[in-house]
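As given, the protein sequences belong to chains B and A, one line each in that order. Heads up: the first sequence runs through residues 1 to 166, numbered per the numbering used here. Heads up: the second sequence runs through residues 1001 to 1203, numbered per the numbering used here. All C-beta atoms in this analysis are idealised placements derived from N, C-alpha and C, irrespective of residue type, glycine included. In what follows, a structure is listed as structure tokens, so that the remarks can point back to it.
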Amino acid sequence: MSAALLIDILLWGSVFGVGLIAFRRGPPVFKASLREGSMDFINIVPRIALGVIGSGYIAAIIPQEVITGWLGPDSGWLGVATAVVAGAATPGGPVIGFSIGTVALKSGGGVPQVVAYVVAWALFAFQRVILWEIPFMPARFVWFRCAVSVPFPFVAAAIAMVIGKP
Amino acid sequence: MSDPSLKDPAPAEDADSEPRPGRVRKPIGWSTIIIAALVAVSAALVWRRDGTDGVLDILTHDLSLFGGILPRVLAGCLLGAFISEILPHEKVSRSLGPKSGLKGLLIGTAFGAILPGGPFTAYPVASALLAVGADFGATIAMVVSWTLIGYGRAVAWEIPIMGTDFTLWRILISLPLPVLAGSLGRFVYVRLYPTPAAKDDEN
């Protein structure tokens, strides 16, 4: 897929760019950060392995239909609240999250509810939190960030209600 | 907690590149234990439902996914390490620290929006920013901005699946959220931890 290739090019290009800046500060700086980065990598790999392999099993026991069911045509704030829970509970990657959103839109789900779902999924999808955020960030930050983010799918739904459909 | 870089014979010339503060490197924490327990229970449920084949199918699929992700994780770690090495600490704590105000939140938001790559870059870089003096507020703004208005996921997944109209409209709605989340984070943080760790304070 070309988007993935583009992401890889941008990614390694950025690594090369900041690496060059570090190198121009002198080889010791460069070597120190290279060692730091490699140590981080070695330390993170077991947790990423647990996350990647584990989330497959967790996803397998959460049927997708359950999530879609939560995103029914239930309108109003109750619908928004269910959408937020559905977003957090959605297993799998972006394809699944956005596909569920599209299905909900096509099958009569309200636009503010779908916005709340997509925003909640972006903010708290448990799989991304488990797989990526917790291994890399201090755990205290992750819980704090999630707690502080709770109001925002509701804010997004409110804005969507005010400004109307796309 | 043992910091691996302490075990290395520290070369005399980078005496000032002390182990980065705030960098958490615990191979096993309670989060890991909870996740491992969740995974074990889920795997057992899959085994009961689908038998050994079901378990192996998921394992093979996820192992190949893991293999594909590894180089990107390495890139993310290197990016984080280089960034935390080349960013001047005082400047970061001035422009992204607890006293950076709205400007700090806006810088965090802009940084999250332009950051290339996926979660394998966003979180190592966010972690590096925390380590060199950004506060929770600015880092929250950055992470939320990356996840809500970053172009990476929008271009690769959201536009193809949900359509351009919905995506642009959703991003428009999301524009104020990173700054709001960062402000709320700061507001709660100073009340939750009234005496911030001395190293985070102005020094």
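Look at S75(B): its C-beta is not under 8 Å from any C-beta on chain A. Taking the CA atoms as reference points, G37(B) sits about 21 Å from V129(B). Listed in chain order, the alpha helix (DSSP H) runs fully inside the region 1101-1182 of chain A are 1101-1114, 1119-1131, 1136-1149, 1159-1162, 1164-1174, counting runs of at least 4 residues.
Excluding its 5 nearest sequence neighbours in each direction, I21(B) has no C-beta neighbour in its own chain below 7 Å. Listed in chain order, the alpha helix (DSSP H) runs fully inside the region 61-141 of chain B are 64-70, 76-89, 94-106, 111-124, counting runs of at least 4 residues.
Counting C-beta atoms within 10 angstroms of its own C-beta, L131(B) has 16 or more neighbours from the protein chains shown and is therefore classed as buried. Under the Cβ criterion of 8 Å, M1162(A) is counted among the residues facing chain B. With contacts defined as CB atoms closer than 8 Å, T1167(A) and E1158(A) qualify as a contacting pair. Using a Cβ-Cβ cut-off of 8 Å, G1097(A) does not count as an interface residue toward chain B, since no Cβ of chain B sits closer than that to its own. Near chain A, meaning a CB-to-CB distance below 9 Å, the residues of the region 35-57 of chain B are R35, E36, G37, S38, M39, D40, F41, I42, N43, I44, V45, P46, R47, I48, A49, L50, G51, V52, I53, G54, S55, G56, Y57. Assigned with DSSP and collapsed to three states, L1056(A) falls in helix. L71(B) is outside the set of residues whose beta carbon lies under 8 Å from a beta carbon in chain A.
The beta carbon of G1054(A) sits closer than 8 Å to the beta carbons of V1046, W1047 from its chain, once the five residues preceding and following it are set aside; these are given in chain order.
A residue is called buried once 16 or more other Cβ atoms fall within 10 Å of its Cβ, and A125(B) is buried on that count. In the assembly as shown, A83(B) is a buried residue. Its beta-carbon has 16 or more other beta-carbons within 10 Å. As the crow flies, the alpha-carbon of G1104(A) is around 25 Å from that of A1154(A). Residues of chain A with a Cβ closer than 9 Å to the Cβ of I67(B) do not exist; the shortest Cβ-Cβ separation is about 15 Å.
S99(B) is positioned such that its CB atom lies closer than 8 Å to that of I1161(A). When only Cα atoms are considered, L1079(A) and G108(B) end up about 43 Å apart. Counting along the chain, R1094(A) sits inside the alpha helix (DSSP H) bounded by residues 1089-1096.
Rounded to the nearest whole angstrom, the CA to CA distance from S1064(A) to S55(B) is 14 Å. Per DSSP, P153(B) is one residue of the alpha helix (DSSP H) stretching across 151-163.
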